[in-house]
Structures are given as structure tokens and as C-alpha cells.
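All remarks here apply to the structure that follows.
2 protein chains.
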Amino acid sequence: MNRFKKITCSFLSVVLTVVSLHAADTVEQWGVYEVTLKGPTNGNPFLDVRFAAKFAQGYDSIEVPGFYDGDGNYRVRFMPEKQGAWKYETVSGTPELNGKTGEFTVTKPTAGNHGPVHIANTFHFAYADGKPYKQLGTTCYVWTHQPEELQEQTLKTLAASPFNKIRFCVFPKRYTWNTNEPTIYPFEGKPRNFDTARFNPKFFQHFEQRILDLQKLGIEADIILLHPYDDGAWGFDRMTAVEDDRYLRYVVARLAAFRNVWWSLANEYDFMKFKTEDDWERIGQLVSGSDPFHHLLGIHNGKRIFNQTRPWITHASIQNGAAVAEFGRAELYRDAFRKPIVYDEVKYEGDIESRWGQLSAEELVFRFWNATIAGTYCGHGETYKSDDQILWWSKGGVLKGQSPARLAFLKKILDDSPAEGIEPVDKWQDTPIGGKPPEYYLVYLGKQTPTSWEFKLPKPPQGKGQPPADGMKFTAEVLDTWNMTVMPVDGVFTLKKKDNYYHADKDGRSITLPGKPYMAIRIKRVKE
Amino acid sequence: MNRFKKITCSFLSVVLTVVSLHAADTVEQWGVYEVTLKGPTNGNPFLDVRFAAKFAQGYDSIEVPGFYDGDGNYRVRFMPEKQGAWKYETVSGTPELNGKTGEFTVTKPTAGNHGPVHIANTFHFAYADGKPYKQLGTTCYVWTHQPEELQEQTLKTLAASPFNKIRFCVFPKRYTWNTNEPTIYPFEGKPRNFDTARFNPKFFQHFEQRILDLQKLGIEADIILLHPYDDGAWGFDRMTAVEDDRYLRYVVARLAAFRNVWWSLANEYDFMKFKTEDDWERIGQLVSGSDPFHHLLGIHNGKRIFNQTRPWITHASIQNGAAVAEFGRAELYRDAFRKPIVYDEVKYEGDIESRWGQLSAEELVFRFWNATIAGTYCGHGETYKSDDQILWWSKGGVLKGQSPARLAFLKKILDDSPAEGIEPVDKWQDTPIGGKPPEYYLVYLGKQTPTSWEFKLPKPPQGKGQPPADGMKFTAEVLDTWNMTVMPVDGVFTLKKKDNYYHADKDGRSITLPGKPYMAIRIKRVKE
């Protein structure tokens with residue numbers, strides 16, 4: 117009866133291999149279950165044919181938009197969020213695509229599949245299966261637009277890196293160090309003559325392949341849907357609302373079933389001179405409302421931060437290096453927005469002339485730590501000059517800087533930190549301390565170079581964890597965040613009330629420090 | 117026909133004296149035009165009688181709610197925002213209060229009357245006549261609940277102070293150092309037995325007198341409508357929604373015609389355990405929607421900042437001392453909220469045990485300057501221990517600290533600063549500089565103790581003023597913000613491009629500094 121089949125064309129074999137490894141009537145939880153039907157090829161199938169499917173399990177039902185993938189293939193992709201038996205029925209105004217039904221079984225996820233990342237504990241993230249996700253992102257804006265060999269190199273570099281998220285654009289980029297024309301475009305046509313009503317399936321098939329490549333590496337794909345770096349070369353930054361909406365619906369229909377997808381409405385939205393804030397509100401509602409799987413959704417700013425309290429924004433994707441350039445700043449946006457804060461751009465490790473691209477590695481790592489102890493997350497970027505025009509920031513390739521090794525060290529610290537996330541302990545007072553009172557504290561000393569640190573723990577805000585109390589015992593380690601060492605401190609610290617705000621070691625002991633910058637202290641409660 | 121008369125009872129003679137000095141058929145712009153009618157005294161006039169008036173000038177028409185003031189007097193108060201001829205007609209379900217008409221003339225404002233304060237240039241304030249208003253506030257929470265003699269002393273202290281705004285509560289306060297019972301309450305009844313459906317006109321008549329006393333001194337009255345410091349003594353912190361709404365409508369009807377009124381929905385709204393955020397949303401909409409004159413409206417936080425992007429909030433009234441404890445923080449909330457930021461509580465100069473009340477005068481003044489150069493505003497408070505329990509913070513009286521003199525110095529600097537307000541010049545980069553490029557710059561050096569400062573001016577953000585250019589000439593003055601001195605620097609500085617981001621003096625000159633903390637440099641362009 118129904119002519120659907122699970123994935124036919126070559127690139128999609130990867131879906132089969134990576135995502136399911138199951139026969140067509142089973143798929144793992146959070147995998148991609150795809151229904152493909154043959155349909156009309158006349159006229160403009162992208163415009164003329166509506167195609168969707170309803171997926172149901174008991175009383176749970178979800179309608180998923182489909183898309184035309186060229187060659188008469190109409191597809192709809194479903195990411196099942198529950199195991200067990202599911203049914204579907206297609207919906208279309210075109211008879212041959214309408215009312216087709218099927219059944220399939222969703223099995224438990226295979227190793228390494230933890231589902232999509234969602235918000236957890238207001239300010240943090242977790243995979244759908246509950247595993248904590250400690251965001252440590254990087255950016256290569258148009259790595260998928262580079263020669264295949266370079267793309268493969270980027271993937272190899274990412275595989276060896278600590279990064280678990282990468283920000284990149286659907287559209288190509290025209291900017292300093294980015295003047296190479298891509299070989300393939302998302303629309304039919306060519307520069308200055310694109311038909312935005314006809315998508316280029318090959319472009320998206322390739323793009324999806326790269327999303328899956330990242331998925332294999334355990335890396336989230338933070339997909340930048342629109343950006344201003346077009347310079348009139350292609351006109352993708354100045355499409356009409358009708359064109360934008362059609363493009364966005366198509367992209368969401370194609371990509372939303374991939375579990376590692378995040379949406380970023382735009383990079384530097386406020387630099388897109390052809391759009392108003394009302395446009396972004398419309399676009400935000402459209403993407404949020406048309407994604408059946410509710411992926412994370414952000415909008416990233418240039419100079420003017422978007423109103424991050426809008427309900428369709430899941431997390432604040434912020435460009436502002438200054439906000440993490442000092443202990444006490446990063447937390448302020450948590451209070452303002454009450455959502456996870458991801459400082460996706462804090463300037464770049466590099467040596468280019470622009471001041472946004474000439475941070476030292478030390479400074480970039482410092483900013484990550486400032487973000488961390490404030491209960492927020494940070495993003496890496498690299499802009500070392502290169503004769504071959506290949507800067508990681510935009511094209512990928514290899515990493516040349518010194519920060520990634522230190523961020524790998526930070527990642528180990530994060531992986532060992534409380535599952536619920538690191539919270540500021542005393543947010544407006546003793547800002548260099550994050551943790552989960554009274555079990556875990558991370559004290560960061562930044563550019564200070566003390567030779568000792570008095571062992572004392574602040575009282576957390578009311579309702580934010582059990583306060584320290586007399587007799588509680590702790591061990592401590594001194595972390596050199598630059599030289600990547602962990603040095604246990606001898607002995608156990610036992611608390612005694614010091615004043616209204618602090619408990620200190622009962623014998624007044626301090627921790628000896630080497631008088632160098634970028635030191636931290638990790639304190640854990642002794643389980644008794 | 118109509119029996120209105122302008123002000124009868126004794127306290128309101130002040131309105132006549134202060135506000136208008138006119139006969140009953142004229143009133144100055146932004147004065148109070150009051151219509152009083154005699155009406156029913158049976159039943160509960162506060163509940164039973166609806167009374168309002170429509171005021172009209174040509175096509176402009178505004179309906180103003182009235183209120184019952186006891187003794188059979190029904191009043192409606194109008195603050196005319198335009199000069200010329202006005203008419204009114206009363207509206208009531210009670211025949212004797214309905215359909216009464218009259219005419220009056222609104223004359224130009226008298227000296228010292230600049231109208232109400234409104235938002236100007238997104239982040240700043242101005243009076244209705246265009247005069248800039250540079251907020252320099254203080255707080256005496258319950259000064260109007262103290263013995264009359266102490267209230268008079270507070271007014272005398274305020275008259276000699278630099279403050280142009282004071283925050284205070286309608287309701288009495290029960291808290292440390294605040295255990296004296298007030299002599300009069302806003303409702304009929306007594307503690308644990310108030311009738312919240314019957315207001316006490318005498319209470320409000322007195323309260324209004326104090327608002328007018330402040331008006332005479334050129335001080336804005338930031339009226340805190342609700343607060344949590346009740347401790348069950350009176351129950352004003354735990355009224356039902358019906359009681360709250362009735363109370364708020366009554367207060368707005370009584371007070372909205374006084375031009376120096378601001379509304380603060382609450383102090384530390386999040387410490388009011390009997391209200392939800394939905395309650396605050398309802399209350400905010402009610403106050404905003406029932407005020408015919410659109411006074412400034414804020415909601416002040418304890419630990420949890422309200423969503424300051426809500427449209428009924430005119431300016432962010434923030435408690436967070438940490439946000440002004442360092443150069444680069446205060447600006448962050450501007451970006452987040454896109455409204456004027458008033459740091460109404462940044463801790464207190466004082467010596468009490470609680471850490472919120474033991475700032476040094478130096479630290480408090482430092483915080484004001486940090487707020488200033490970031491394009492935001494700050495609030496003063498004082499908590500010096502006192503045997504007589506009279507702490508300025510709560511009861512008023514006399515000021516004992518060293519900050520007010522330095523804030524008076526700051527006020528002189530502000531009065532001389534650009535009318536449009538001081539803006540951060542290079543908000544995420546060179547944070548210690550505020551001003552109006554390229555006419556005026558204020559460099560604040562805070563706790564740094566340099567012996568010289570290289571004369572160089574950053575490029576402002578695109579669209580934020582004309583950038584510095586070669587050949588522009590400037591004079592400079594060194595300000596000692598603690599010792600309150602202004603020292604002109606010899607000669608004129610002439611700009612020459614230094615790099616992509618700065619113009620410096622063409623001869624590479626620096627300004628000599630004394631190596632002390634709390635210095636600032638004021639730079640003004642030479643008019644040619």
C-alpha cells in the first residue's frame with residue numbers, strides 16, 4: 117500500500133549506518149525515521165505540494181512537515197522521543213502522497229546516543245536521557261563550504277578537540293579572508309540569479325552529511341540560519357519575508373529530525389540591515405513553531421543584544437567578550453534573562469589586526485573560566501593569520517593556538533563537576549566561587565597571584581543548597597589551569613563558623629599557592 | 117450648576133500655595149487642577165460610588181479617576197500637560213456627581229516647575245519641558261511614618277543635600293531598627309483589624325503634603341506601593357488581589373496628578389512571599405493602565421531581578437551593588453533591558469553588622485562614578501548605627517556620612533555634562549570612559565593610582581556620535597572625586613590618528629596625575 121522506503125540516495129546511507137543500523141521497521145530512540153514517497157515532479161514541487169505526516173503512539177501524536185528532495189522524492193523525517201510502537205499517516209493535498217500509513221518500532225538508543233540537548237536546571241543543559249551536557253563550543257562559520265579535503269581535515273581536528281558544539285552557517289560567507297566562492301548553493305541558479313523558490317537538494321544532502329559527521333563525534337551542530345556577510349554577492353542576507361519564511365520552513369523540515377541540531381536564527385542579527393526586530397520576532401516564532409522536536413533556539417548579536425526574554429528563545433547566545441573579561445560580570449545576564457547563557461563569541465585567540473581577533477591564549481582561557489564559575493558557558497574561536505587564508509574561525513582546518521589544550525583540561529574539570537551544573541555560590545558578593553554547596557566548590561583566582569588562600573566557604577543564597585556547617589569535612593586540590601596540573605592538598609579541612617557569612621577551617625588553615633596567575637582550587641566534601 | 121471648588125481642607129491649601137497661586141479657574145501647566153463635589157456619605161463611599169471626570173482640550177481628551185476623600189467630598193485631580201483652555205465633565209453612577217461641567221485655563225508653568233520626569237534618549241531622563249534630569253537618589257523608607265519633628269528634620273537635610281529623588285513607602289515598616297508603631301494608617305481600623313475597604317483620608321492627606329514638600333525642594337518622590345517588611349504586624353504585605361487592586365487604584369487616583377511622583381510597585385518584590393510573578397504582572401498593568409499621566413514606573417528586586425523588558429516598566433530599578441563595584445559591569449543591564457538603569461540599591465554607607473550596610477563612603481562614591489561613566493544612575497543610602505534607632509536608610513533625620521558631599525560634587529559634574537546624558541563611549545572595550553563623542557568625555561580611574569594618563573580618545577560605536585578626527589582640539593581637567601577639586605590641565609590637546617581605534621594627542625602628550633585613587637579626567641572639545 118504505502119510506497120515509503122527508508123532512505124535511498126547515497127548520502128543517506130549514512131543515516132542508516134550511523135543512526136539506526138536497523139531494518140526499515142525499527143529505528144532507535146532519537147534516531148531518524150524517514151518516510152519517502154514518490155510524487156509529482158511537474159511544476160515547482162517545492163511550492164506546489166504540501167506534504168506532512170502524523171506520527172502517533174497511543175494518545176501522543178505529532179505532525180511533522182515533510183519536504184521535497186528532488187527526483188520525485190517526498191520525505192518526512194521523524195525523531196522519535198519515546199520507545200515502543202509508533203504509527204504514521206501521511207497528509208497531502210496530492211492524492212498519491214496522502215493517507216499512506218505505516219507502523220514501526222522504536223528501540224532503545226545505541227551507545228553514544230543520548231538524545232537532543234535541552235535546558236536543565238534553568239541555566240544549564242542536559243541530553244534527553246539525563247546525561248549532563250557542559251557546553252564547550254567553537255566556531256567555523258563556513259567550514260561546510262570549503263573544499264572536501266579541508267572539511268575532512270576540520271572533522272579530524274574536531275575529533276581530537278575538546279569541543280562539543282560548533283557554530284556554522286547554512287549560507288556561504290563573504291568577508292575578509294573569505295572570498296572563495298562555494299561550489300554549491302542552497303538554491304538553484306547562480307550568483308545574482310538565484311531562484312529562491314527552488315532549493316538545491318544536493319546542497320542540503322551534503323549539509324546533512326556534515327551534521328551527521330558531527331553527530332558521530334558527539335558534537336552539537338549550532339546551525340546559523342541567516343547572517344549578514346553576503347556583501348551583495350548572493351543576496352541571501354536580503355531576501356524578502358516570503359523568501360525567508362519559505363527557506364526557514366524547508367530547512368527546519370529537512371534538519372529538525374537530527375538530534376544534534378541547534379538553531380541560531382542569525383549571527384550578528386543586528387548587522388543585517390535589511391531586517392527589523394519585528395522580522396526577527398516573526399522568524400523566531402516561525403522556527404520555534406515549525407520545529408516538531410523543539411531544538412534549542414538562540415539569536416546571536418553584534419552590538420545590540422536581542423531581547424533574550426522572548427519565550428521562543430531557549431538560551432541566550434551572546435556576543436560580548438567584556439562580559440567574561442572579569443570575575444563578576446558573566447552572572448549579570450543570568451539574572452537578566454533567567455535562561456542558560458552561552459557566551460558564543462568572546463573574541464578570538466589570534467593575531468589579526470582587528471581587536472576582536474587578537475586575544476592571547478591565556479586571555480581566552482581566562483574568559484572560559486570566568487564564564488564557568490559564574491554558571492554560564494563560553495565559546496572558543498581562533499584567528500591566526502595564514503597565507504593560505506585558512507583561519508579556523510571561518511574555514512576550519514587545523515588549530516594553531518594554545519587554548520584548546522587548556523580547554524581540554526577545563527573539560528575534564530567540567531566532566532567531574534556536579535551534574536546539575538556549576539552555580540555562582542554567592543553571586544553578588546564573593547564572585548570567584550562557583551559550585552554546588554556544600555558538596556563542591558570551584559574557586560578561580562584568575563590574574564591574581566596569591567601565595568595562599570584562606571580556606572573559607574560562603575553561605576549560599578537561601579534555597580540554593582544546604583549551607584556549610586560546623587564539622588563538615590572537605591578535601592582540596594590546586595589546579596593550574598594554564599599548566600594543566602592537579603595538585604592534591606594534604607589533609608582534610610573541617611569547618612567552623614567564622615562569621616555571619618563564612619565557615620572557615622577550624623584551625624584557620626590556608627592553602628599554599630605558587631604565586632602564579634590562572635590558579636584554581638577545587639574543593640569537595642568528604643563523604644562520611 | 118457645578119458645585120466644584122478648588123481645594124477646601126487645610127492640607128490642600130498647600131496645593132494652592134505651591135502648585136498654582138491662581139484663582140480656581142486657572143492652573144499652571146503640570147500643576148494640580150482639582151474638582152471637588154459633595155456626594156453621598158452613606159454605605160461605603162469608597163466601594164459604592166464610581167466617580168471620574170473627562171478633561172478635554174480640542175481633540176485631546178483624557179478620563180481621570182476620582183476618589184472619595186471623606187466628609188462627603190469626592191475629588192478628581194488633573195495634571196494638565198498642555199497650556200490653554202480646558203473643559204471637564206464628571207462621570208458617575210450617582211446623579212449628584214454626574215455630568216457636572218466646568219472650564220479652566222492652563223497657564224505657563226512657574227519658575228522651578230519643569231513638569232514630570234520622563235525617559236529621554238532611551239537610557240536617560242528629562243523633565244517634560246526638556247530640562248535634563250540626572251538622577252541622584254537616596255532612600256528613607258518610612259520617613260513619613262516618623263514623628264512630625266523628625267519628618268521636618270529630614271526635609272531640612274534633604275534641602276541641603278544633592279539628592280533629587282527619594283524612595284519611600286506608603287505602608288509602615290517592621291524591621292531591625294524599625295519597631296516603632298506609626299500613629300496613623302492608610303486604612304480604617306487598627307493592627308490585626310484593618311478594614312481595607314475603607315481608606316483613611318487623613319493618612320493620605322498627610323502623605324500628599326510630604327510629596328508636595330519634596331516637590332518644593334525639586335525632589336522626585338519614588339513611591340513604594342508595596343513591600344515585604346510587615347512581619348505580620350499589619351498584614352499589608354499579604355492582602356488579597358482584590359484588596360491590592362482596590363488600594364492601588366485609590367493611591368493612583370489620589371497621587372497621579374502630583375508631577376513629582378514615580379511609582380515603584382514594590383521594594384524587593386521577590387521577598388513578598390504571598391505574591392507570584394503573575395500577581396506583579398497584574399499589578400504592573402493595573403498601575404500603568406490606571407495612571408492617566410504615565411508616571412515613571414519600576415519594580416525593585418531583592419535577589420531575583422524582575423523581567424525588566426516588560427512594556428509597562430519604564431526604567432529598570434535594580435538592587436545589585438556588585439553591578440557597580442567595577443568599571444565594566446553597569447553597562448551590561450543597559451544592553452539587556454534597553455531602558456534607563458537606576459541602581460537604586462548598591463548597599464549602604466554605614467557600620468551595621470549586615471554586609472549590605474557597611475560600605476565605606478569611598479566605596480559608595482566609587483559605585484556612583486562607575487554607574488555614571490557606564491550611562492546609568494545610582495542611589496545613595498546610609499546605615500550608621502545609632503542609639504536612638506534613627507538610621508537615614510529607614511527613618512531619615514540627619515546624614516552622618518561622608519559620601520553626600522562627594523555626591524554633591526558629582527552632581528556639579530553631572531549638571532555640566534551633556535544634556536542628552538553620558539553614554540559609554542566604547543562599551544565593551546574601554547569601559548572607564550563615558551561621554552558624548554566628540555564633544556565631551558569623562559574618564560574615571562577608580563581605584564587605580566596612575567601618575568599619568570595618555571591623552572587618547574576611542575572611536576565610538578557606529579552611529580553613536582561623530583568619531584574623533586585629526587586636528588580636533590580639546591581641553592582637560594583633572595577631577596579629584598574624593599577631595600572634590602577640579603584642576604585645569606595646561607594647554608590644548610590636538611588629535612592625530614594613533615591606530616584603528618584611537619586618536620591621541622599629536623605630540624604624544626599625557627596628563628599628569630597625582631598617583632591617588634578616585635581621580636577622573638574631564639575632556640571638552642574646544643569650540644572653534
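These protein sequence lines map, in sequence, to chains V and Z. First residue of the first sequence: 117, per our numbering; consecutive thereafter. First residue of the second sequence: 117, per our numbering; consecutive thereafter. Cβ atoms here follow ideal geometry from the backbone N, Cα and C, with glycine treated the same way.
Taking 8 Å as the CB-CB cut-off, is residue i touching chain Z?
i: T547 (chain V); result: yes
i: S129 (chain V); result: Residue placement at S129 (chain V) is poorly supported in this model, since its pLDDT is 35, which falls under 50; the coordinates are not used for a value here.
i: I421 (chain V); result: yes
i: A487 (chain V); result: no
i: Y617 (chain V); result: yes
i: W544 (chain V); result: yes
So, is the C-beta of residue i closer than 8 Å to a C-beta in chain V?
i: D451 (chain Z); result: yes
i: R471 (chain Z); result: yes
i: R382 (chain Z); result: Here residue 382 (chain Z) is Ala; the residue named in the question, Arg, does not match the sequence. False, the Cβ-Cβ gap to chain V never drops below 8 Å.
i: A620 (chain Z); result: no
i: L475 (chain Z); result: no
i: E478 (chain Z); result: no
i: N237 (chain Z); result: no
i: L448 (chain Z); result: yes
Would you identify the three-state DSSP class for residue i, choosing helix, strand or coil?
i: I335 (chain Z); result: coil
i: D460 (chain V); result: strand
i: R315 (chain Z); result: It should be pointed out that residue 315 (chain Z) corresponds to Phe in this sequence rather than to Arg. Strand at F315 (chain Z).
i: T152 (chain Z); result: strand
i: E536 (chain V); result: coil
i: I506 (chain Z); result: coil
i: L341 (chain V); result: strand
i: L595 (chain Z); result: strand
i: H322 (chain V); result: helix
i: A139 (chain Z); result: Note that A139 (chain Z) has pLDDT 39, beneath the 50 cutoff, so the model's placement of it is unreliable and no number is given.
If you drop the 5 nearest sequence neighbours on each side, which residues of the same chain put their C-beta closer than 6 Å to that of residue i?
i: K463 (chain Z); result: G437, W472 and L475
i: D245 (chain V); result: H230 and G231
i: E179 (chain V); result: A168 and K170
i: E555 (chain V); result: R641
i: R445 (chain V); result: A439
i: T628 (chain Z); result: S568
Apart from the five residues on each side of it in sequence, which residues of its chain come closer than 8 Å, Cβ to Cβ, to residue i?
i: K198 (chain Z); result: Q145, Q173, D176 and V222
i: P548 (chain V); result: F443, I489, V559, Y560, L561 and G562
i: S626 (chain V); result: S568, W569, E570 and F571
Can the beta-carbon of residue i be found closer than 8 Å to that of residue j?
i: D451 (chain V); j: I421 (chain Z); result: yes
i: A382 (chain Z); j: I434 (chain Z); result: no
i: T488 (chain Z); j: L526 (chain Z); result: yes
i: V403 (chain V); j: V368 (chain V); result: yes
i: L595 (chain Z); j: I529 (chain Z); result: yes
i: H416 (chain V); j: F279 (chain V); result: no
i: P534 (chain Z); j: P553 (chain Z); result: no
i: V165 (chain Z); j: T210 (chain Z); result: yes
i: G351 (chain V); j: F310 (chain V); result: yes
i: H322 (chain V); j: K289 (chain V); result: no
Excluding the five sequence neighbours on either side, which residues of its own chain have a C-beta within less than 7 Å of the C-beta of residue i, listed in chain order?
i: F390 (chain Z); result: D353 and R354
i: T613 (chain V); result: Checking the displayed sequence, the identity of residue 613 (chain V) turns out to be Lys instead of Thr. Counting only Cβ-Cβ distances below 7 Å, and skipping sequence neighbours, we find D586 and H619.
i: P317 (chain Z); result: D185 and G186
i: D361 (chain Z); result: L402
i: W508 (chain V); result: C256, E498 and L515
Pull out every residue of the region 412 to 445 of chain Z whose Cβ sits closer than 8 Å to any Cβ of chain V, in chain order. Within the region 412 to 445 of chain Z, the residues whose Cβ lies closer than 8 Å to some Cβ of chain V are K419, R420, I421, N423, Q424, T425, N436, G437, A438, A439, A441, E442, G444 and R445, listed in chain order.
Relative to chain Z, which residues along the region 572 to 602 of chain V have a C-beta separation below 7 Å, given in chain order? So the list reads P577, given in the order they occur along the chain.
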